[in-house]
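Okay, structure first, notes after.
Now the structure itself:
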């Protein structure tokens, strides 16, 4: 067997296969691949201000009320407000807006791409299904492992679903506790939350307080914990089980705090509280 020299073939019409070879030269910023990578980086790094703020806020809103629901939550809140810079609210608003906007664009992009591609049947090995399931589900073990299963193939992404649930709950909470009071020239504290939870009106108590706050606590805890697993690339089931336990603990502690505040000493009804509720429900 011997080697034979071949004549060179023209490559004028050669097109590289996407994902295997990259074209040489400068890529345009409007290239879909560059835009998608940029959006993922915006989604990932824009949330860091909220990641830093979340533990402090969780201690104030989830842990403290469950331990001492009377005056301790307001004391911790005043201390937090004193140590944080004045631009914190603006920074957190920009952080959440960038994270949410980039996530929605990426989600719409993914849905549009799947809709345009023809559906084909595929035979995926068991271990590949497990890896894909762990990536999509975000957390395996604990309660999620009991209800989902380690190799369950879901038609939805729980991380995305929790984010879509969290967005309106977060918007309602921010509007109720920050935007409307600041527009009226005053601040509210945990006495306002207690007043809602202790309200004689079942509509105000449940639809203005218990239900949206419970959804907010669960969705924020899950989205935050699963996001850490995704961004930190935690693949070991032991690490995911630990995060699941933390999420379950935060959710339980938060709901316990709501119950204890609802059963705490009644607070004085201020006229400003009624004004906030009217503006919140009439202009949502």
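Numbering (the numbering used here), first residue to last: 1 to 284. For glycine and all other residues, C-beta sits at the position ideal for the given N, C-alpha and C.
Check, Outcome
"Sequence-distant residues of its chain with Cβ nearer than 8 Å to residue 76 (five each side left out)", "59, 60 and 64"
"C-alpha distance - residue 57 paired with residue 93, whole-angstrom precision", "15 Å"
"Assigned exposure category for residue 110 - 16 Cβ within 10 Å defines buried", "exposed"
"Test item: CB-CB of residue 165 and residue 215 under 9 Å", "yes"
"Beta-carbon proximity of residue 254 to residue 197, cut-off 9 Å", "no"
"Inter-residue spacing [alpha-carbon to alpha-carbon] between residue 226 and residue 219", "10 Å"
"Distance, residue 34 Cα to residue 278 Cα", "46 Å"
"Assigned exposure category for residue 73 - 16 Cβ within 10 Å defines buried", "buried"
"Residue 89, DSSP secondary structure in three states", "helix"
"Contact check, residue 184 vs residue 223, beta carbons under 9 Å", "no"
"Local Cβ density within 10 Å of residue 268, reported as buried at 16 or more and exposed below that", "exposed"
"Status (buried if at least 16 other CB within 10 Å, exposed otherwise) for residue 274", "exposed"
"Beta-carbon proximity check, residue 66 vs residue 260, cutoff 9 Å", "yes"
"Buried or exposed (CB count within 10 angstroms, at least 16 for buried), residue 162", "buried"
"CA-to-CA distance, residue 40 to residue 81, given in whole angstroms", "32 Å"
"Chain-order list of residues whose beta-carbon lies under 7 Å from that of residue 54 (same chain, five-residue window excluded)", "224"
"C-alpha gap between residue 180 and residue 251, whole angstroms", "27 Å"
"Which listed residue (49, 107, 232 and 244) has its alpha carbon closest to that of residue 96", "49"
"Coil, strand or helix - residue 185 by DSSP", "coil"
"Rounded distance between the beta-carbons of residue 272 and residue 186, thought under 8 Å", "6 Å"
"Three-state class that DSSP yields for residue 264 in the structure shown", "coil"
"Exposure label - residue 115; buried when at least 16 CB within 10 Å", "exposed"
"Residue 70 to residue 193 span [Cα, whole Å]", "12 Å"
"Cut-off 7 Å between Cβ atoms - residues of its own chain near residue 266, not counting five sequence neighbours on either side", "198"
"Where residue 243 falls, given that 16 or more other Cβ within 10 Å makes a residue buried", "buried"
"Beta-carbon proximity list for residue 176, same chain, < 7 Å, skipping 5 on both sides", "276 and 280"
"Neighbourhood of residue 102 by C-beta, 6 Å cutoff - its chain only, sequence neighbours within 5 removed", "39, 42 and 43"
"DSSP three-state assignment for residue 46, whether helix, strand or coil", "coil"
"Span of the alpha helix (DSSP H) around residue 216", "211-231"
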